[in-house]
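Visitor: Position 148 (the sequence shown) corresponds to 616 in our numbering; numbering is contiguous.
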Amino acid sequence: MESFQIAEEQVEEGTGHLLGSTHTWAQSLLATPTERKIYIYIYIYLHGTNFWTILLHLWPYHRQSTSSSPAMRKEVCTIVFLRAVFTEFLATMIFVFFGLGSALKWPSALPSVLQISLTFGLAIATMVQTFGHISGGHINPAVTIAFFVGNQISFLRMLFYIVAQLLGAIAGAGILYGVTPSNARGNLAANGLSNNTTAGQAVVVEIILTFQLVLCIFASTDNRRNDKVGSPSLSIGLSVTLGCLVGIYFTGCSMNPARSFGPAVVMKRFTSAHWVFWVGPISGGILASLLYNYLLLPHSMNMSERVAIIKGTYESEEEWEEKEKSMEMSSP
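In structure tokens:
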């Protein structure tokens, strides 16, 4: 810690001299706290080397962090990203299988609204608890788009997640169709307007249902909270259950375009109101994201960090911490 403080003082002194330099590249070298941290640890590692020598050693790091060339490593090229995409496919497949399965019309016993609502909620809670640490556990295109609007995931991650979720929903609905007797399949619990609900009313209902769900997701998974949050997966599951308890009477309760898309594809049943189950949930998710991430509790990020997140080149403080620790361990 002492060596860190000494190096930091020397960096402050050197930075003052550096910023007076006529070299434009040198003036921006220590522009960000992250680059400054890298500099400090390299200074410690080299033990007493003069400031300008350290500067030359640091120059490649600066080139790497500011380069816009295609060689810049993007998240889509990593195994971690591919695992996350596959996880979204798998989680959505399992969720759709159990959710739709609870709503099948068995001749011996028709399902109740409470049974369907609890099953959908428990399925989401289980999937979030199981896969949340791998992909974030979105399992819903409306949620993924909301995270993108909230500047928390990249554009390519959003696209890959949505495709994976839609394919997972088709797979889950297809498996359920294959294992269900023909007399119990019905329309495979596909969403539709009921009880004389108009398309306009249905859109408003879906917006409200998804709005409360996405707000719950952002609030329960916000790592900036210091209070006792409890179990985020359980909170999210209960939020889904809450939406189903009301929404089933209007639209069968979608809140999730993938949940509506899967059975519609398998049953080849795209009604004239199918657009409701895309426009409603996505609009509700976007509204919740704008409210939470830009009005209620905005993130303190500069424009370059926001652009880096969209491009998929952003590295969080936690990732930098790991790199700094590895540098400390490798120093003599």
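Glycine included, C-beta positions come from ideal geometry on N, C-alpha and C.
When you compare only the Cα positions, how much space is there between Val701 and Phe557?
Guide: Note on residue identity: the sequence assigns Ser, not Val, to residue 701. C-alpha separation (whole angstroms): 18 Å.
Visitor: Going by alpha carbons, who is nearest to Leu644 out of Thr555, Pro731, Thr739?
Guide: Among Thr555, Pro731, Thr739, the Cα nearest to that of Leu644 belongs to Pro731.
Visitor: May I ask which residues mark the beginning and end of the alpha helix (DSSP H) holding Lys696?
Guide: Taken as a continuous stretch (DSSP letters only), Lys696 belongs to no alpha helix (DSSP H), as it is neither H nor E.
Visitor: If we call anything under 8 Å between Cβ atoms a contact, is Ile584 one with Ile716?
Guide: It is a contact, given that the beta carbons lie within the stated cut-off.
Visitor: Excluding the 5 residues flanking Ala539 on each side, which residues of the same chain have their C-beta closer than 8 Å to its C-beta?
Guide: Confidence at Ala539 is low in this model, with a pLDDT of 32, below 50, so its placement is unreliable and the value that follows should be read with caution. Hits under 8 Å: none found.
Visitor: Roughly how many angstroms lie between the CA atoms of Asn724 and Asn770, to the nearest whole one?
Guide: Answer to the nearest angstrom: the Cα atoms are 32 Å apart.
Visitor: Can you name the residues that DSSP bridges to Trp574?
Guide: Beta-bridge pairing links Trp574 to Ala577.
Visitor: Measure the alpha-carbon distance for Phe684 versus Pro609 and round it to whole angstroms.
Guide: A small fix is needed here, since residue 684 is Cys in this sequence, not Phe. Whole-angstrom Cα-Cα distance: 16 Å.
Visitor: Please classify Arg727: is it buried, with 16 or more other beta-carbons within 10 angstroms of its beta-carbon, or exposed?
Guide: It is buried - the Cβ of Arg727 has at least 16 other Cβ atoms within 10 Å.
Visitor: Can you tell me whether DSSP reads Met769 as helix, strand or coil?
Guide: Here Met769 sits in coil by DSSP.
Visitor: What three-state label does DSSP hand Leu524 in the structure shown?
Guide: Residue confidence for Leu524 is low, a pLDDT of 48 falling below 50, so the modelled location carries little weight; the figure read from the coordinates is stated next. The answer is helix: DSSP assigns Leu524 an H, G or I state.
Visitor: Hey, how far is the Cα of Thr781 from the Cα of Leu550?
Guide: Approximately 16 Å, taken between the alpha carbons.
Visitor: Quick one: is Val744 near chain B, going by C-beta distance under 8 Å?
Guide: No chain B is part of this structure, which consists of one protein chain only.
Visitor: Could you tell me the alpha carbon to alpha carbon distance between Leu706 and Phe588, rounded to whole angstroms?
Guide: If I take the Cα positions, the gap works out to 9 Å.
Visitor: The alpha helix (DSSP H) spanning Cys721 covers which residue range?
Guide: First-last for Cys721: undefined, no H or E at that position.
Visitor: Using the beta-carbon count (16 or more within 10 Å), is Ile547 buried or exposed?
Guide: Under this definition Ile547 is an exposed residue.
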